[in-house]
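Asks: I have a structure I would like to understand better, so I am pasting it below and will then ask my questions one at a time.
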Amino acid sequence: MILQKIKNHKTIVKNTGYLSIIEVIRMAMPFIALPYVLKTIGASNYGLAVFAQTIISYFSIFINFGLDVSAVKDVSINRNDPKTLNAIVSSVLLIKFVLFCLAFAVLLLGIAVIPFMHEYKTLFLAAFLTCLSEVLFPIWFYQGIEKMEFLTFIRTSSILFYTITVFIFVRQTDDYTNVVLLQSLGNLLAGGISAFCILKVAKIRLVFPQWDMLVTTFRGKYAFLRFPSLRRTEQQYGENHQRHGLFDAFRRRLRFSAADRDGSVSSGPNAQPSRIPASGQNEKQNLCEQVL
832 MILQKIKNHK TIVKNTGYLS IIEVIRMAMP FIALPYVLKT IGASNYGLAV
882 FAQTIISYFS IFINFGLDVS AVKDVSINRN DPKTLNAIVS SVLLIKFVLF
932 CLAFAVLLLG IAVIPFMHEY KTLFLAAFLT CLSEVLFPIW FYQGIEKMEF
982 LTFIRTSSIL FYTITVFIFV RQTDDYTNVV LLQSLGNLLA GGISAFCILK
1032 VAKIRLVFPQ WDMLVTTFRG KYAFLRFPSL RRTEQQYGEN HQRHGLFDAF
1082 RRRLRFSAAD RDGSVSSGPN AQPSRIPASG QNEKQNLCEQ VL
């Protein structure tokens, strides 16, 4: 009976297995790299690096805002219609690229007018590179066609790249910028592999979409606003990190980052972390403080 049910839901079981592999790798690899990073660059510099990544995460939210939700449905419905699928993929990528350019302009403005960002402009620019991977790495496409094996391969390559290179290029305290840069380059590697898979394996042809298709796709992004729990998760994740970065010492910021990441579970690079109650977060922080 059980085997028959598994057979009837083979695709679901297979995709669940691939996502589980990603989760195991995602949670295991930090135990290899993180102790070395903390020992090498120090807690304060690591807190500074994570704070910069947190600020940049708002740009990622802006670039992805809703498109990763609505596009999954569109791709799933039209997966057997190559012409429509080409138009959908092209529309989403074009819109994301425009949003990426706008976000980059805002970042440059912030670096120009905010002294703190200007002082650490290299760090913020290195962190912003990961936003380009948000354009190149269409998780929504693989979810729509239900081919999670591609996602598993791509994400694993990205994680392994960072885990290996961090031991090569992070050698001293001042290399905290390299930590952020290597994470961004790992995400860009995932984006490059993903672009190759879409064009060569999935046989997607990029076309310049019609105006009506762009408008329809962009309007579909507001479907995200109908999911307040997802939106609030994004906001809470960023606000918690930003609040600790602005008002606390970077060492305490580091402890919060470790506790917050330990209390979150995601199924992909753009998935929303699960939140734990405030009391649970305090316990996690106290535990991490004792360990550190």
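Be aware that the sequence shown starts at 832, since it is given in the numbering used here, and climbs by one per residue. Glycine included, every Cβ here is placed at the ideal spot set by N, Cα and C. Note that the structure is predicted; figures quoted are calculated from it, not measured.
1. Helix, strand or coil: how does DSSP classify residue 861 here?
2. Inspect the CB distances between the stretch 1026 to 1042 and the stretch 904 to 920 and report whether three or more fall short of 8 Å.
3. Can you check which of these residues, 1043, 891, 945, 857, is closest to residue 966 by C-alpha distance?
4. Any chance the stretch 1011 to 1024 sits against the stretch 947 to 961, with 3 or more Cβ pairs inside 8 Å?
5. Please report the straight-line C-alpha distance between residue 953 and residue 935, rounded to a whole angstrom.
6. How would you call residue 944, buried or exposed, if buried means at least 16 neighbouring beta carbons within 10 angstroms?
7. Excluding five sequence neighbours on each side, which residues of the same chain lie with their C-beta closer than 7 Å to the C-beta of residue 931?
8. Between residue 1010 and residue 948, what straight-line distance do the alpha-carbon atoms span, to the nearest angstrom?
9. Is any heavy atom of the ligand SAM found at a distance shorter than 8 Å from the C-beta of residue 878?
10. Could you round the C-beta distance between residue 994 and residue 864 to whole angstroms and report it? I think they count as a contact, below 8 Å.
11. Provide the residue span of the alpha helix (DSSP H) that contains residue 962, from first to last.
12. Pull up the CB-CB distance for residue 926 and residue 1027, whole angstroms please, since I reckon it's below 8 Å.
13. Return the first residue and the last residue of the alpha helix (DSSP H) that residue 997 is part of.
14. Over what stretch of residues does the alpha helix (DSSP H) that includes residue 1018 continue unbroken?
15. According to DSSP, is residue 847 part of a helix, a strand, or is it coil?
16. Taking 9 Å as the cut-off, decide whether the C-beta atoms of residue 898 and residue 920 are in contact.
Replies: To lay it out plainly:
1. As a position in the sequence shown, residue 861 is number 30, starting the count at 1. Three-state DSSP puts residue 861 in a helix.
2. Result yes; three or more Cβ-Cβ pairs closer than 8 Å.
3. Position 135 of the sequence shown holds residue 966. Nearest option by C-alpha distance: 891.
4. Three or more beta-carbon pairs separated by less than 8 Å link the stretch 1011 to 1024 to the stretch 947 to 961, which places the two stretches in contact.
5. What you label residue 953 is simply residue 122 of the sequence shown in a count that begins at 1. What you label residue 935 is simply residue 104 of the sequence shown in a count that begins at 1. About 14 Å.
6. Locating residue 944 in the sequence shown gives position 113, where the first residue counts as 1. Note on residue 944: under 16 other CB atoms within 10 angstroms of its CB, so exposed under the neighbour-count rule.
7. As a first step, residue 931 must be located in the sequence shown, where it is residue number 100. Counting only Cβ-Cβ distances below 7 Å, and skipping sequence neighbours, we find 894, 962, 963, 966.
8. Counted from its first residue, the sequence shown places residue 1010 at position 179. Counted from its first residue, the sequence shown places residue 948 at position 117. Cα to Cα, residue 1010 sits roughly 18 Å from residue 948.
9. Inclusion of the ligand SAM in the displayed structure is not the case, the ligand content being empty and no account of it being possible.
10. As a first step, residue 994 is located in the sequence shown; it is residue number 163 there, counting from the start. As a first step, residue 864 is located in the sequence shown; it is residue number 33 there, counting from the start. Between the beta-carbon of residue 994 and that of residue 864 there is about 5 Å, and that keeps the pair under the 8 Å contact cut.
11. Numbered from its first residue, the sequence shown carries residue 962 at position 131. That run of the alpha helix (DSSP H) goes 952 to 967.
12. Here residue 926 is taken as the residue at index 95 of the sequence shown, counted from 1. Here residue 1027 is taken as the residue at index 196 of the sequence shown, counted from 1. With 8 Å as the limit, residue 926 and residue 1027 do not qualify as a contact, their Cβ atoms being about 22 Å apart.
13. The count along the sequence shown starts at 1 and reaches residue 997 at position 166. Element bounds for residue 997: 979 to 1000.
14. Looking up residue 1018 in the sequence shown gives position 187. Annotation: the continuous alpha helix (DSSP H) that includes residue 1018 extends over 1007 to 1027.
15. As a working mapping, residue 847 is identified with position 16 in the sequence shown. DSSP places residue 847 in helix when its eight states are reduced to three.
16. Indexing the sequence shown from 1 puts residue 898 at position 67. Indexing the sequence shown from 1 puts residue 920 at position 89. No.
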